[in-house]
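Residue numbers (our numbering), protein chains in the order written: chain A, 1 to 360; chain B, 361 to 707; chain C, 708 to 1001.
Built from N, CA and C at the ideal position, the CB exists for glycine as well.
Since the structure is predicted, the reported quantities are computational estimates derived from the model, not experimental observations.
These notes are about the structure you will find just below.
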Amino acid sequence: MTKPALQTNGSPGTSDDSRAGENLLEIVKLEVRFPDNTGPVTVIDNLDITIGHGEILGLVGESGCGKSMLARSILGLVPPPGKVTKGKIVLDGVDLLTTDEATMQDIRGNKVSIILQEPMTSLNPVFTIGNQMAEVLAIHCPDMKRRERRARSVEMMERIGIQYPENRYDQYPHELSGGIRQRVMIAIALICGNVRLLVADEPTTALDVTIQAQILELFVKLQAETQMALLLITHDLGVIAQTAHRVAVMYAGRLVEISDVGRLFEKPLHPYTRGLMYSLPRAGARPRKSHMPAIPGTVPNLADLPPGCPFYDRCEYRQQQPCREAMPQLEQVDRGRWVRCHRWHELPQFEVLSARLDRR
Amino acid sequence: MKRAADAPVIAVKNLAKRFKLRQSWLKRDKLVVRAVDDVSFEIAAGSTMALVGESGCGKSTTAKLILQLVKPDSGEIYLNGEPVSEATPQLRQKVQMVFQDPYASLTPHFRIESILREPLVVHRICPPNEMRDRIGASITAVGLPVDVMSRYPHELSGGQRQRIGIARAISVNPELIICDEPVSALDVSIRSQIINLLLDLQQSHNLAFLFISHDLDLVAHVSDFVAVMYLGKIVEQAATEKFFAGPRHPYSRALLASSLVPDPKKRIQFAPLSGEVASPTELPTGCSFRTRCPLAIDKCARVEPPLQAIGEGHLSACHRAGELVSSEMLTDPSAPQSAINPQPERI
Amino acid sequence: MSTEPIGTQSEKLSPPRAIAWHQRANPMFVVGVLMLTPLILMAIMAPFLTFLDPLSINAPQKLLPPSWAHPFGTDHFGRDVLARIVYGSQISLRVGIGSTILTALFGIFLGVASGWYHWADAIIGRVSDSLMIFPGFVLAIMIMAAIGPSEFNVIISVTVLYVPRVIRTVRASVIEFRGAEFVEAARTVGAGDFRLLFLHILPKAAGPVMVQLSFGFAWAILVEAGLSFLGLGTPPPTPSWGSMIADARDFIRSAWWLITVPGFMITLAVLSLNLIGDGLRDMLDPRLQSKGIL
């Protein structure tokens, strides 16, 4: 039981790494828009990111920051009336945005799979879970015989740590607990056996803490076994710290920081990331019942973004010039480290969570 | 209201509630779910008691029992030393609740003003001509501008809605506020704001809080006392400092070990607990945690461990609580594994 | 602590009333209203639209085809058909409005009771279920046969026919929302059953109930016409669209206007109200978007 090796490969958009050519997924200048009464709302703006082979990339952000939309774009499942308006999503040399729907269907569930937050609503209540697993096989491995499909499903359930898989095969989703349902979702996502990229959108948010630990352990184990890449989307920095190799932080439809996990938690660069880390409750870190450091204000409305930096209104380190005037660009700070902030080099030293009192 | 000099704001003694589930109308026998069993605690003014546990452990049912939304089967509830057995106006005023989901807990077709007016009207807190000022004052008290009064809940953000929920709770001068996961539905960057607001209000109004949460890090920060529930029972209860210094029940330890530390240098190596919570309709014999417990011994299957004092103000319901002094025990793979673990699951 | 900017979320959104309008002015709804408005105006302004008495018999002028003096011709007693149509619309609307009001009153009251109290549900549910097993019109005939023909009795029988549907609609909403968190929240601040039901829950049922009532209105007009056709509704000589058609049966070959004009009016009224109902439903719940005729 060793810690997953920390990989510091990868780059957001441009290659600055020897392994960059081996990226599994490259997203280039992605833009996703939704029409609105007043005009199109850009929910993902000019987003560049890569995922290496066998890499766990954590994507952090709050509700409405565009993280789920990114997951859906990769699978070509942006809900209408939303649309990918610009950019490329290249998986193993194939641009997923320009391929036809038939090829895309072939890729979904086969090379790229997705796991959603709520295991109850993503499983069809009127079919047994075995049925739902075998269905994926029927689509992607049409040559398989019925009996083989069953054997494969049972084997998969066993691998995923479901006890008594033979019995579970014939059960309905409502007969299973939340943890087992999420395991079934994982089994369905991986059953084809050639998944190269697994996208998990808040896979443990609906689960209890002890079950969450089990599921995350399973993710890490499966990733190590299969060497697939994992895009782990979450709002929980704890989940990221415990599993990811590399982290991308999103705010208001844009990437604001990219880093390997070690350096991100040691020295976050963007004021938003820093604010998030300061505001985490940590047992014993500060006097009980003292004020916790808080990021003021609310997440901005994407339909009505102010000019300049989208974090301006909530930023502790803002300056009229240049923050209000110009949108900061994602700039490279170090090998594998990127940040979207005009003033990142002027910020005070990040104090590792200690007795830091409210900034008020 | 007269008040016994040193009575705690709320005292709960041996509270119990079972729910009967009818399997189908053809079957006569009913499944019985032990939702809350023999729960006792008290909360003094100005202090916070945290109720911790996983979903279905009975923490929300305990809240509903105190609020008399659900009738307890047995046990007593005392408000300021006086027994409560039904939903009196006094109970409805002195005990308030802040809900988990600020989207679902505000009536969608009410303006903020009507939402905040309701408790004042119901409890005849103030004459009608002072109503607006009073509503304005409680809006300001939760850090919102007065002009939200004319808005509808859907026009506000999650954090703002939760502030309105808090304003509604404090508007009638309560003494106890039950906070049911008050921040878990909010964005991460908003949570601290709401926690700070609750802490401020507690201090300024000398409120007692029953703080229901699954987030141990948050509980460590806001509470004075902690009670851990598992399958309807309190399995450990202690002052917060004492609890976090050394939990004395294997389940508390597992919870603590499962909470994900936001530090990549401190990765947990494997999930501290295997298996899932036993079905509340078919509880195992003896200790209900033994099916998942890494420390279970034969005695655990035979005798249900009582919640008993193992130190000053520290209660634990574990036969082996006495041995649980070093923190390694739980994660040590050489720790004695009982033959009954893992318990075969019912298929 | 900081003050959050207000209204950053959705400045542009309109306030939600109890009824969430997801769509402005559904075309079906608009056409329905445009068709219904002249009918209502006709009923209100009847004395100004025609100076002829719908009851005055003028034997020499019987069965005249449409002309300038009698735009819709005359019937077998020489009465002006236009006048009878205009005054007949009053009956249709009176029956429609009367039964809609009664249906709403009883439906909401009984629906709330059966959604809120289990014991009431057992009684009201059984009774309304047993009313619903009869084909509507047959039940109406039975009631009218029992209580005798009159305009008021038509209203009563239509109400009895239609009230179970409204009860069901209200009951469903009450059951859906009685466990809602906002209701529980209101209860914890001390709101009593009355407040919970009438301020927090019932407004949520207003939309579906309005849809039901607009269909009920159409139904009432149709049932009144049907009963009058059979001689069980409004007694003669009062002009009712249904009895006009009944009288016209003998003259189908010789005087086509006698049957077509009231028939057209009934169709128009029922169609317009159904369009309004369908339109309302689509405006309230876009998921049910029916591929209607418009």
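Residue range of the beta strand (DSSP E) that residue i falls in?
i: Gln-668 (chain B); result: 668 to 671
i: Leu-97 (chain A); result: That residue, Leu-97 (chain A), is in no beta strand (DSSP E); it is neither H nor E in DSSP.
i: Ser-573 (chain B); result: 568 to 573
i: Ala-852 (chain C); result: From DSSP, Ala-852 (chain C) is part of no beta strand (DSSP E) but of the alpha helix (DSSP H) over 843 to 854.
i: Arg-314 (chain A); result: Per DSSP, Arg-314 (chain A) belongs to no beta strand (DSSP E) and is neither H nor E.
i: Arg-477 (chain B); result: Segment 472 to 482 is the alpha helix (DSSP H) holding Arg-477 (chain B); no beta strand (DSSP E) there.
i: Val-199 (chain A); result: 197 to 201
i: Met-457 (chain B); result: 455 to 458
i: Asp-260 (chain A); result: 254 to 260
i: Asn-46 (chain A); result: 41 to 52
Once DSSP output is grouped into helix, strand and coil, what is the label at residue i?
i: Val-60 (chain A); result: strand
i: Phe-936 (chain C); result: helix
i: Gly-984 (chain C); result: helix
i: Pro-772 (chain C); result: coil
i: Asn-23 (chain A); result: strand
i: Met-228 (chain A); result: coil
i: Thr-85 (chain A); result: strand
i: Ile-74 (chain A); result: helix
i: His-729 (chain C); result: Bear in mind that a pLDDT of 45 at His-729 (chain C), under 50, signals an unreliable position, so the model cannot answer this.
i: Asn-765 (chain C); result: coil
i: Lys-325 (chain A); result: For clarity, residue 325 (chain A) is Glu in the given sequence; the question names Lys instead. Note: Glu-325 (chain A) maps to coil in three-state DSSP.
i: Leu-427 (chain B); result: coil
i: Pro-443 (chain B); result: strand
i: Ile-554 (chain B); result: helix
i: Thr-103 (chain A); result: helix
Residue i versus chain C: which residues are under 7 Å apart at the beta carbon?
i: Lys-459 (chain B); result: Note that residue 459 (chain B) corresponds to Phe in the displayed sequence, not to Lys. Correct list: Glu-888, Ala-892.
i: Ala-395 (chain B); result: None at all; the shortest Cβ gap to chain C is about 16 Å.
i: Pro-479 (chain B); result: Val-896, Gly-897
i: Ser-465 (chain B); result: Glu-888, Phe-889, Ala-892
Chain A partners of residue i, CB-CB under 9 Å?
i: Asn-566 (chain B); result: Going along chain A, no residue has its Cβ under 9 Å from Asn-566 (chain B), so there is no contact; the nearest lies around 13 Å.
i: Gly-418 (chain B); result: Those within 9 Å of Gly-418 (chain B) in chain A number zero; the least Cβ separation is about 14 Å.
i: His-729 (chain B); result: In the structure displayed, chain B extends from 361 to 707; residue 729 (chain B) sits before or after that span and is not available.
i: Ala-631 (chain B); result: Thr-210, Ile-211, Gln-212, Ala-213, Gln-214, Ile-215, Leu-216, Glu-217, Leu-218
Residue i versus chain A: which residues are under 7 Å apart at the beta carbon?
i: Ser-445 (chain B); result: Neighbours of Ser-445 (chain B) on chain A: none; closest Cβ ~33 Å, over 7 Å.
So with CB distances below 9 Å, who are the chain B contacts of residue i?
i: Lys-289 (chain A); result: Thr-408, Leu-559, Gln-562, Gln-563, His-581, Val-582, Ser-583, Asp-584
So which residues of chain B does residue i contact, with C-beta pairs closer than 8 Å?
i: Met-292 (chain A); result: Ser-552, Ile-555, Asn-556, His-581
What residues of chain A sit near residue i, judged by a beta carbon separation below 8 Å?
i: His-574 (chain B); result: Asp-208, Val-209
i: Glu-402 (chain B); result: Those do not exist, as Glu-402 (chain B) stays about 19 Å from chain A at its closest Cβ, beyond 8 Å.
i: Gly-592 (chain B); result: By Cβ distance, chain A contributes nothing, its closest Cβ being about 15 Å from Gly-592 (chain B), past 8 Å.
i: Glu-636 (chain B); result: Ser-177, Gly-179, Ile-180, Ile-211
Taking residue i as the query, report the chain C residues whose CB atoms sit under 9 Å from its CB, ordered along the chain.
i: Gln-453 (chain B); result: Val-896, Gly-897
i: Gln-668 (chain B); result: Within chain C, no residue comes near Gln-668 (chain B); the closest Cβ sits about 34 Å away, beyond 9 Å.
Could you tell me which chain B residues have their CB closer than 7 Å to the CB of residue i, listed as they occur along the chain?
i: Pro-165 (chain A); result: Correct list: empty, because the minimum Cβ distance to chain B is about 11 Å.
Please list the partners that residue i has in chain C, where partner means a Cβ-to-Cβ separation under 8 Å.
i: Val-482 (chain B); result: Val-896, Gly-897, Ala-898, Gly-899, Arg-902
i: Leu-429 (chain B); result: Glu-891, Arg-894, Thr-895
i: Pro-449 (chain B); result: Gly-897
Can you tell me where the alpha helix (DSSP H) with residue i in it begins and where it stops?
i: Gln-132 (chain A); result: 129 to 140
i: Thr-500 (chain B); result: 491 to 501
i: Asp-828 (chain C); result: 825 to 839
Any Cβ of chain D within less than 8 Å of the Cβ of residue i?
i: Leu-578 (chain B); result: The structure shown contains no chain D; its protein chains are A, B and C.
Original post:
Of the residues that make up the region 594 to 619 of chain B, which ones have a beta carbon closer than 7 Å to any beta carbon in chain A?
Top reply: The residues in question are Thr-600, Phe-604, Ala-614, Leu-615, Ser-618, Ser-619.
Subject >> 4 or more residues per run - each alpha helix (DSSP H) lying fully within the region 152 to 194 of chain A >> reply: 165 to 168, 178 to 190
**OP:** Name, going along the chain, the residues of the region 896 to 910 of chain C whose beta-carbon falls closer than 7 Å to a beta-carbon of chain B.
**Re:** Val-896, Gly-897, Ala-898, His-907, Pro-910
**OP:** Output, in sequence order along the chain, the residues in the region 239 to 261 of chain A whose CB is closer than 7 Å to any CB in chain B.
**Re:** Val-239, Ala-241, Gln-242, Val-261
**OP:** Go through the region 895 to 971 of chain C residue by residue and report every complete run of the alpha helix (DSSP H) that reaches 4 residues or more, in order.
**Re:** 909 to 936, 948 to 955
Original post:
For the region 525 to 553 of chain B, which residues have a CB atom closer than 8 Å to at least one CB atom of chain A, in sequence order?
Top reply: Asp-547, Val-548, Ser-549, Ile-550, Arg-551, Ser-552, Gln-553
Original post:
Which full runs of the beta strand (DSSP E) of 3+ residues lie inside the region 605 to 677 of chain B, going along the chain?
Top reply: 668 to 671, 674 to 676
Original post:
What are the uninterrupted segments assigned as beta strand (DSSP E) that are 3 or more residues long and contained completely in the region 366 to 413 of chain B, given in chain order?
Top reply: The region 366 to 413 of chain B contains these whole beta strand (DSSP E) runs: 370 to 382, 390 to 403, 408 to 412.
Original post:
According to a CB-to-CB cut-off of less than 7 Å, which residues of the region 309 to 326 of chain A neighbour chain B?
Top reply: none
**OP:** Give, in chain order, every residue of the region 268 to 282 of chain A whose Cβ lies closer than 9 Å to some Cβ of chain B.
**Re:** Tyr-272, Gly-275, Leu-276, Met-277, Tyr-278, Ser-279, Leu-280, Pro-281, Arg-282
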